[in-house]
Amino acid sequence: MTHLILTSSYTNDISTLAFDPANGTLELVSATTVGHHPSWITFYPGDHSLAFTGLEQTEGKVVALKYDEDERGTVVAEVPSGGADPCSLLATMDELFVANYSAGIVSKFPISQNPPYILSSSPTTIQLKGSGPNASRQEGSHPHQVILHPEHNELLVPDLGADMVQRFKTAKDGSLKHRGHMQYARGGGPRHVAFHDGNLYTLLELSSVLVKHRFPPLPHLPSFVTSKPTMSKPLPQPNDMLAAEILIPTTNSTYKTPYLYLSNRNDPSPEGDIISVFSLADDSLELVTEFRSGLKHLRGMAFGGPDDKWLVAGGANGGGVKILERIDGGRNFKVVAENASIEAPTGFLWK
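For reference, each letter of the sequence shown is one residue, going 7 to 357 in the numbering used here.
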């Protein structure tokens, strides 16, 4: 069985890749030109023929793509994103949330599974405000992710520029209401978060630190548990290494022990960036494996396949795309397919 993977990028294209595990191949099936740097992509819930991406440019855009039976995509809608450099999008059944990184703005659009897909060209926007000590990266608020808590019905927005994770709830009138924030160490730069077993895990991009909090529903406040460097031998700060993605796949009959996986970019090693694997037992964060990926600037990765057996990962600055298989119960990886010709991959969706 061949598995299809949509790939966002720092080019002008969203590509479709075909992974054949039987033959160990990863091939380019098609590419759809959408505009400048479509770095993030998200499906409409329950419909993998409809996807949304953002164009990372000064006049940010949101683009909807529709895929046919031959897996060829067509741009079916395009509207302003509400700010500069949209870097993260999240679709629900009737709304699309967008993090506009450079503008410090979170946007919300009404959407539909049917034409015209994006139902307004004027989104509701929320301007975030804040700054941090890193003059080059924290001169203002920089929302880097929009993500819904799976149980609390709460929208979280990591703000890299302000060292905060902002918390929002949808009011009865449909508006998005600010419900507080979580503060992190100054200069850390929260980028992405993940959830597991009542805990919130936050990846600090600028300091390469992983933070764990107990995270009860509002109005209860979160509580700090522990934090650890994202790698075994962190370089002295400041340095050019940047933490990127954080994933906690759901346990299943094949992989019964929960692990947290994160990517580290710009490793000076000739063997490429590392994927760090952490055990989540009790209140600890134990680094159990560092897998050398051979990729340069490993920005995006995503689990897929039966029991989330495979991890697709890409090097935005070199190495193309690789498919890794989880081994040792999920503690480690082996490469099962790769395509070095895929240019500047940044994110993935398994179809």
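A virtual CB, placed ideally from N, CA and C, is assigned to each residue, including glycine.
Around the Cβ of residue i, are there at least 16 other Cβ atoms within 10 angstroms (buried) or fewer (exposed)?
i                 : result
leucine 166       : buried
leucine 161       : buried
isoleucine 132    : buried
asparagine 345    : buried
asparagine 29     : exposed
aspartate 314     : buried
glutamate 65      : exposed
serine 259        : exposed
proline 223       : exposed
lysine 135        : exposed
proline 164       : buried
aspartate 91      : buried
phenylalanine 230 : exposed
serine 238        : exposed
proline 232       : Note that residue 232 corresponds to threonine in the displayed sequence, not to proline. The residue is exposed, with fewer than 16 neighbouring Cβ atoms inside 10 Å.
Go ahead and pull the three-state DSSP assignment for residue i.
i              : result
proline 274    : coil
proline 44     : strand
aspartate 334  : helix
proline 156    : coil
proline 196    : strand
proline 255    : coil
aspartate 314  : helix
serine 19      : The residue asked about is misnamed: residue 19 is aspartate in this sequence, not serine. Looking at aspartate 19 - three-state DSSP - the assignment turns out to be strand.
arginine 78    : coil
serine 147     : coil
isoleucine 111 : strand
glutamate 84   : strand
aspartate 26   : strand
serine 137     : coil
Please confirm whether residue i has its beta-carbon closer than 7 angstroms to some beta-carbon of chain D.
i             : result
threonine 208 : Protein chain content of the structure displayed is limited to a single chain, and chain D is not contained in it.
Thinking just about the alpha-carbon of each residue, which of the options is nearest to the one in residue i?
i            : options                        : result
leucine 286  : Asn258, Pro264, Arg271, Asp279 : Pro264
proline 235  : Asn270, Leu253, His219         : Asn270
glycine 306  : Ser347, Val35, Leu248, Pro240  : Leu248
glycine 110  : Ala191, Arg143, Glu292, Ala200 : Arg143
alanine 157  : Ser181, Met170, Asn205         : Note that residue 157 is glutamate in the sequence shown here, rather than alanine. Answer by Cα proximity: Asn205.
arginine 337 : Ser347, Trp316, Val294, Pro164 : Val294
valine 40    : Phe339, Lys67, Thr48           : Lys67
Going by the beta-carbon positions, is the gap between residue i and residue j smaller than 7 angstroms?
i              : j             : result
glutamate 296  : serine 275    : no
valine 69      : threonine 80  : no
glycine 326    : glycine 300   : no
isoleucine 252 : leucine 268   : yes
alanine 322    : alanine 343   : no
histidine 198  : leucine 182   : no
lysine 72      : leucine 56    : yes
glycine 88     : proline 129   : yes
valine 82      : serine 127    : no
isoleucine 254 : alanine 200   : yes
leucine 317    : leucine 330   : yes
aspartate 279  : aspartate 273 : yes
Touch test, the region 99-107 against the region 136-151, Cβ-Cβ under 8 angstroms, three pairs minimum
yes
Could you check whether the region 117-132 touches the region 82-98, counting it as contact only if at least three pairs of C-beta atoms, one from each stretch, sit closer than 8 angstroms? yes
Does the contact criterion of 3 or more C-beta pairs under 8 angstroms hold for the region 349-357 versus the region 8-28?
yes
- prompt: Using 8 angstroms as the Cβ pair cut-off and three pairs as the minimum, do the region 184-195 and the region 211-227 touch?
  reply: yes
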